[in-house]
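Notes for the one structure printed next.
Number of protein chains: 2
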Amino acid sequence: MKELYKESVNREGFAIPYYEIPYEKFFQFGLSVDCVVFGYHENKLKVLLIKRGAKPYLGKWALPGDLVYPNENIESAANRVLRDLTEIDSLFLEQTKTYGQVDRHPAGRVITTGFYAIIDIAKHDPHAAAWADGIYWVDADNIPQLAFDHNQILTDALRILREQVGKQPVGFELLPSKFTLGELQALYEGLLGVSFDKANFRKRMLSMDVLIDCDEYQKNVPHRPGKLYSFDLKRYSELKSKGSNFEI
Amino acid sequence: MKELYKESVNREGFAIPYYEIPYEKFFQFGLSVDCVVFGYHENKLKVLLIKRGAKPYLGKWALPGDLVYPNENIESAANRVLRDLTEIDSLFLEQTKTYGQVDRHPAGRVITTGFYAIIDIAKHDPHAAAWADGIYWVDADNIPQLAFDHNQILTDALRILREQVGKQPVGFELLPSKFTLGELQALYEGLLGVSFDKANFRKRMLSMDVLIDCDEYQKNVPHRPGKLYSFDLKRYSELKSKGSNFEI
DNA sequence: CCAAAAGTGTTCATTCTACACCCATGG
DNA sequence: CCATGGGTGTAGAATGAACACTTTTGG
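And the structure:
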C-alpha cells in the first residue's frame with residue numbers, strides 16, 4: 001500500500017493545491033459504524049453481540065455494525081443498525097471514538113466509528129438483523145474474542161459508560177421507567193463495581209431533584225414494598241444546562 | 249447520490265453477504281484530520297488557525313488539517329499535520345470526535361476526525377506548512393467564521409478541553425515548564441471563566457502531589473518572587489493509574 | 001415468628017469556603 | 001513609602017461516611 005501514496009503524491013509537492021491532485025487516491029476509504037449496546041438484567045451489565053453472518057470473520061462474535069452508505073450520515077447509519085436490531089428509533093446513542101488502523105479490516109481501508117447505546121432489556125427484544133446469524137446478550141465482564149478490533153472498541157465504550165454513569169444519570173436509561181431506589185443503587189453498584197451506603201445513596205439521589213415520586217409501590221415482593229420513582233428528564237435537562245453535574 | 253446506493257444495494261438483499269457485494273460503492277470515502285491546537289499567552293487561551301492555501305475555501309480561515317493517506321493511520325496523520333506546523337513530534341494530542349455529514353465537503357464524501365493538541369507558545373513558533381498561506385494564534389473566545397464545519401469542531405474541542413482541565417492536569421501543558429502557583433491559577437481561571445480563592449487553590453494543587461518544588465524563584469518581578477514549580481508527569485501517571493482524578 | 005429489603009436519624013470526621021493577615025520585591 | 005502579587009492560618013459551614021435503628025411485606 002505504501003507505494004500508492006509515493007507514486008501519486010510528493011509531500012513536498014504540496015505547492016500544488018491538494019484539491020487539484022488526482023483525488024481518486026484519497027477516496028479509497030470505507031466507513032463503518034459499530035455499536036456497543038448496553039443492557040441490564042438480573043443485576044448484571046450486558047452487551048449485545050452478534051454472530052457474524054457475513055465474511056470476513058463469518059460465524060465469529062462481533063459488535064453489531066455495518067458499512068455506511070455513501071449518501072448516509074454517520075449517526076443515521078448507527079441509528080439504522082440499532083433499528084434493524086430493535087425496531088425502535090430514538091435510543092440513547094452517543095459517539096465514542098473512531099478507529100482507523102491501516103490493517104484493521106482485511107478487505108481494505110475501513111475506518112469505523114464506535115457508538116454506545118443503552119436499552120431497557122425488558123422493553124425490547126432484539127432480533128438478528130439480516131447481517132447476523134444470531135444475537136446474544138453477553139455479560140460485560142466476560143466478553144469473548146471478537147472480530148476485527150471490536151474488543152478494543154468495546155473496552156473503550158465500557159470505560160466511557162463508567163465515566164458517564166458517575167457524572168450523568170445515564171443509569172436511568174438502563175432501568176424500567178419506574179424503579180425503586182434499591183434497584184437504582186444495585187445498578188450503580190453493578191456498573192461501577194463498588195458499594196454504597198444505602199442511607200447515603202438515597203440522600204444523594206433524592207437531593208439531585210431529578211426523580212419523580214410516582215406515589216406507587218412495588219407489589220408482591222417478599223419484603224416491604226419500595227416506593228417507585230421515575231426519572232425527570234425535563235428537570236434533568238434544566239439543571240444540566242445550569243451547570244449541575246450529578247456526581248455520585 | 250441517493251441513487252448510488254439504491255442501484256447497487258438492496259437493504260433487504262443482505263442475504264448476500266455484504267463482503268460479496270461490489271465493494272467499490274462503499275470505498276468512496278475520503279478521510280481527513282483536523283487539529284485544534286491550543287496555546288496560552290498573556291492570560292488568554294489561543295487557537296492556531298491557518299489561512300487556507302488550497303481550494304476549496306482558498307484564502308479562508310480554517311483549522312490545520314489534511315487528508316489522510318491510504319497507508320497512514322489516523323493518529324499518524326494528525327501527528328504529521330502538527331509536525332508540519334511545529335517541527336516537534338510528541339505533543340499532547342487527543343481525538344475529540346468524528347464528523348461525517350454527507351455534504352460537509354464540496355469535493356465529495358470526506359469524513360474528518362477532530363483532534364486537540366496543546367502546545368507551549370513560548371517554546372514553539374509554528375510556521376505555515378505548505379498547505380497554508382499563513383498561520384495565526386487567535387483568541388479562543390473570538391473565533392471568525394471558518395471553512396467547512398470547523399467552527400463546530402472547534403467548539404466541541406473547546407468544550408472537551410474545559411471538561412478535561414477540571415479533571416486532569418491538562419493545564420500544565422499550556423504553561424512553561426517552570427511556573428508559579430499564581431500563573432497556574434490564572435490559567436485555570438482563564439480557561440474555566442471562574443475565579444478561585446488563592447489560599448484554597450494552592451492547598452488543593454499542592455495536596456494533589458504532582459508538583460515538583462524547583463527550589464527556584466521568579467526574578468525581576470515588582471513583587472515578592474514566587475516559587476517555581478514543575479509538573480511531575482511520572483507521579484501523575486502513577487496516581488492516575490491508581491484511580492485519582494485530580495478534580496479541581 | 002423470621003427473613004429480606006425499605007426507609008430514616010444521628011454522630012463524627014473530613015473537606016470546603018471565606019477571609020484576614022503577613023511577606024518580599026521594584027520603583 | 002507604596003503597589004503588587006506571593007504565601008499562610010483559622011473559624012465555621014457544608015458535606016460525607018458509618019452505623020444503628022424502625023418499618024412493612026410474604027412465607
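Chain order of the listed sequences is A and B. Start counting the first sequence at 1; every next residue gets the next number (the numbering used here). Start counting the second sequence at 249; every next residue gets the next number (the numbering used here). Where is the CB? At the ideal position from N, CA and C, for every residue including glycine.
The region 425 to 439 of chain B and the region 285 to 298 of chain B touch, with no fewer than 3 CB-CB distances between them shorter than 8 Å. At a cut-off of 8 Å, the C-beta of Gly348 (chain B) has a neighbouring C-beta in chain A. Secondary structure of Glu486 (chain B) (DSSP, three-state): helix. Ranked by Cα distance from Thr344 (chain B), the options B:Pro354, B:Glu323, B:Asp332, B:Val350 are led by B:Glu323. For Ala122 (chain A), there is no enclosing beta strand (DSSP E), since its DSSP letter is neither H nor E. The region 28 to 41 of chain A makes contact with the region 119 to 128 of chain A; the number of CB pairs closer than 8 Å reaches 3 or more. For Leu191 (chain A), the enclosing alpha helix (DSSP H) covers residues 181 to 192. By the C-beta density criterion, Phe115 (chain A) is buried, having at least 16 other C-beta atoms within 10 angstroms.
For Glu290 (chain B), no alpha helix (DSSP H) encloses it, and the DSSP letter there is neither H nor E. In this structure, DSSP gives Glu247 (chain A) a state outside helix and strand, which the three-state scheme calls coil. Taking C-beta atoms under 8 Å as the contact rule, Phe274 (chain B) and Leu67 (chain A) qualify, at a distance of about 5 Å. Secondary structure at Gln101 (chain A): coil, using DSSP grouped into helix, strand and coil. Here Ile359 (chain B) really is in contact with Ile111 (chain A); their C-beta atoms are around 7 Å apart, less than 8 Å. Taking a C-beta cut-off of 7 Å against chain A, the contacting residues of the region 344 to 378 of chain B are Lys345, Thr346, Gly348, Gln349, Val350, Ala355, Gly356, Arg357, Ile359, Thr361, Ala378, listed in chain order.
Close CB contacts of Glu94 (chain A) within its chain, under the 7 Å cut and outside five residues either way in sequence, are with Phe115, Tyr116 (chain order).
DSSP places Ser207 (chain A) within a helical segment (H, G or I) once states are collapsed to three. Between Pro144 (chain A) and Leu85 (chain A), the C-beta gap is not smaller than 8 Å, which leaves the two residues out of contact. Looking at the DSSP output, Gly362 (chain B) shares a beta bridge with B:Asp282. Bridge pairing for Val138 (chain A): A:Val47 [DSSP]. Pairing Gly100 (chain A) with Gly348 (chain B), the inter-Cα distance amounts to about 15 Å. Collapsing the DSSP output to three states places Arg300 (chain B) in a strand.
Taking C-beta separations shorter than 6 Å and ignoring five residues to either side along the sequence, the partners of Thr113 (chain A) in its chain run Val33, Ile74, Thr98, following chain order.
A residue is called buried when at least 16 other Cβ atoms come within 10 angstroms of its Cβ; Cys283 (chain B) meets this threshold and is buried. In this structure the region 228 to 239 of chain A lies against the region 206 to 215 of chain A, because at least three pairs of beta carbons, one per stretch, are closer than 8 Å.
Non-local beta-carbon contacts of Gly166 (chain A) in its own chain, meaning distances under 8 Å to residues more than five positions away in sequence, involve Leu192, Glu247, Ile248 in chain order. Closest in C-alpha terms to Lys446 (chain B), from the list B:Leu454, B:Gly430, B:Ile336, comes B:Gly430. Residue pairing by DSSP places Phe444 (chain B) in no beta bridge whatsoever. Annotation: Cβ neighbours of Gly30 (chain A) in chain B (cutoff 7 Å, chain order): Phe274, Phe275, Phe277. Taking a beta-carbon distance threshold of 8 Å, Asn71 (chain A) counts as an interface residue toward chain B. Chain B has a Cβ within less than 8 Å of the Cβ of Leu67 (chain A).
Ranking A:Val221, A:Pro225, A:Ser207 by CA distance to the CA of Asp215 (chain A) puts A:Pro225 first.
Just measuring C-alpha positions, the residue of B:Lys451, B:Thr428, B:Leu454 sitting nearest Tyr465 (chain B) is B:Thr428. As computed with DSSP, Phe29 (chain A) is found in a beta bridge with B:Phe277. Assignment of Glu421 (chain B) by DSSP, reduced to helix, strand and coil, places it in the helix class.
A distance below 7 Å between beta-carbons, with the five flanking residues on each side excluded, links Ile88 (chain A) to the following residues of its chain, in chain order: His124.
For Ile322 (chain B), the C-beta contacts it makes with chain A under 9 Å involve Thr98, Tyr99, Gly100, Gln101, Ile111, in order along the chain.
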